[in-house]
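In order, the protein sequences belong to chains Y and W.
Count along the first sequence from 1, then add 4; that gives the number in the numbering used here.
Count along the second sequence from 1, then add 12; that gives the number in the numbering used here.
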Amino acid sequence: MTPTVTTDRDSATFTVAAVYEAPTERIWRLWSDPRQLERWWGPPSHPATVVHHDLTAGGVVSYYMTSPEGEKFHGGWRVLGVEAPNLLEFEDYFANQDGSENVDLPISRSTVAIEDQGDGRTRMTITTRYENSAAMEKVLEMGMEEGITSALGQIEEILAEDRSRSSN
Amino acid sequence: MVVDTALSSDEVDRLFRALADATRRDIVVRAAIGDLSVSALARNYDMSVTAVQKHVSVLESAGLVRKHRSGREQLVRPQPRALDTAREVLDEIEQLWRDRINLFGEVLAAQLTEGETR
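Shown next, in the form of structure tokens:
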């Protein structure tokens, strides 16, 4: 099965679903082994380096991604729950150069479910939601008001034209 | 790429910073309903016109509103461009997950092959 990525724009939720011909432990290792994790966490242009990796509830995973120009983008996970090899929950935050959390940028909360399908295959589902980002939600909510805004803009233009006509 | 072109760009940084404050979020919503002068906006809050003016300036530098002079009044108008930025951010996050899951499959396949040859 080709993995699918779906986005619910209203709630800023991303869902990744994939099925692999491998046992759950194999899939789990790509999360639990920092050397495996850094091979896929960063996009091809920005490979990730995992600095610290404590995959236990309350633990922290810290990493940075390096741009082609050598610029480093830091981030980290606050690990909320772990049930190896089936479940992982964490918050992913942006960090400053010193690794401390950048509280101005949105935090996402992810749930990773790794389920044995019973036929030698494993299903992995990752759900990521930007729930702490009131800002993101607010901006998206504004989308609904965009219609009103543009209508108001049109009324104004008409009024302005009328005014310029009557003043001539 | 999400980490350098969207979420950590100065523009998005300003956007989130601007919206991190409840008063400023309220100003954005009120401005979206209709043009309001800074002094009319200030009546809604327990703060000086100057303080509200400062909030409006932060929103303006984030591209969320713009000020428009009408006679003696300064009207605050919404700026829908910020929405495009938000949509772009969502697109880039989606792309980030596509990249990740593609690599995930490759790493897993490589790992399984290594396991067989051992």
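Just so you know, even glycine gets a beta-carbon here, dropped at the ideal spot from N, CA and C.
Quantities reported herein were computed from a predicted structural model and do not represent experimental measurements.
Query, Result
"Interface residues of chain W facing Arg-30/Y [CB-CB closer than 9 Å]", "Leu-120, Gln-123, Leu-124 and Gly-127"
"Beta strand (DSSP E) segment containing Val-54/Y, residue limits", "52 to 57"
"DSSP beta-bridge partners of Ile-130/Y", "Val-20/Y and Val-116/Y"
"Minimum Cβ-Cβ distance from Leu-22/W to chain Y less than 8 Å", "It is worth fixing the name first, because residue 22/W is Asp in this sequence and not Leu. Asp-22/W does not count as touching chain Y."
"Cβ-based contacts, 9 Å cut-off: residues of the region 97 to 120 of chain W near chain Y", "Thr-97, Ala-98, Arg-99, Val-101, Leu-102, Asp-103, Ile-105, Glu-106, Gln-107, Leu-108, Trp-109, Arg-110, Asp-111, Arg-112, Ile-113, Asn-114, Leu-115, Phe-116, Gly-117, Glu-118, Val-119 and Leu-120"
"Contact set for Pro-48/Y: own chain, Cβ-Cβ below 7 Å, skip 5 residues either direction", "none"
"Extent of the continuous beta strand (DSSP E) run through Thr-8/Y", "8 to 12"
"Closer than 9 Å at the beta carbon, the chain W residues around Leu-91/Y", "None at all; the shortest Cβ gap to chain W is about 17 Å."
"Straight-line Cα distance separating Gln-40/Y from Glu-2/Y", "The structure shown does not extend to residue 2/Y, since chain Y is modelled only from 5 to 172, so the question has no answer here."
"Three-state secondary structure (DSSP) of Thr-60/Y", "coil"
"Cα-Cα separation, Val-86/Y to Ala-61/Y", "6 Å"
"As assigned by DSSP and simplified to three states, the class of Leu-53/W", "helix"
"Status (buried if at least 16 other CB within 10 Å, exposed otherwise) for Thr-28/Y", "buried"
"Given 8 Å, three or more beta-carbon pairs between the region 64 to 82 of chain W and the region 43 to 51 of chain W", "yes"
"Contact check, Ala-52/Y vs Met-128/Y, beta carbons under 8 Å", "no"
"C-alpha distance - Thr-125/W paired with Leu-27/W, whole-angstrom precision", "46 Å"
"Contacts of Trp-45/Y in chain W (Cβ-Cβ under 7 Å)", "Arg-112"
"Residue from Arg-133/Y, Ser-15/Y, Tyr-97/Y and Asp-120/Y with nearest C-alpha to Arg-30/Y", "Asp-120/Y"
"Contact between the region 72 to 92 of chain Y and the region 111 to 119 of chain Y (3+ Cβ pairs under 8 Å)", "yes"
"Rounded Cβ spacing between Leu-76/W and Val-40/W (contact assumed at less than 8 Å)", "6 Å"
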